[in-house]
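Q:
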């Protein structure tokens, strides 16, 4: 792994070392550090490109950094970022009805 960075502020090697030292170790991750995503692709800090074939709970349906989702996130963040379930909010009931 090269330490020449294209994305992010730390190398893949350093990111893995830090997670190994400070992390909870509840997963055994693949030896790839992800720093950027767009559509079906992801890149490590050194600029190597990968297909996102994981098909888990990440961006399998919409891809990474979908413009409509980014806009919705930015719009909502200007209203209210996060609420505890200890309170009602003006979006959840509408969403639950939709589902």
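Numbering (this note's numbering), first residue to last: 203 to 301. From the three backbone atoms N, C-alpha and C, an ideal C-beta is built for every residue, glycine too.
Taking 8 angstroms as the cut-off, does the stretch 206-219 touch the stretch 237-253 (at least 3 CB pairs, one atom from each stretch)?
A: Touching, yes.
Q: Using the rule of at least 16 other Cβ atoms within 10 Å of the residue's Cβ for burial, across every protein chain shown, is residue 213 buried or exposed?
A: Burial call: buried.
Q: So who's on the other strand from residue 266, going by DSSP bridges?
A: Answer by DSSP bridge pairing, in chain order: 241.
Q: Could you check if residue 294 is buried or exposed, using at least 16 other CB atoms within 10 Å of its CB as the buried criterion?
A: With fewer than 16 Cβ atoms within 10 Å of its Cβ, residue 294 is classed as exposed.
Q: Just curious, the beta strand (DSSP E) that residue 251 is in, first and last residue?
A: Residues 251-253.
Q: Suppose you measure from the CA of residue 225 to the CA of residue 234; what does that come to, to the nearest Å?
A: So the alpha carbons of these two residues sit roughly 16 angstroms apart.
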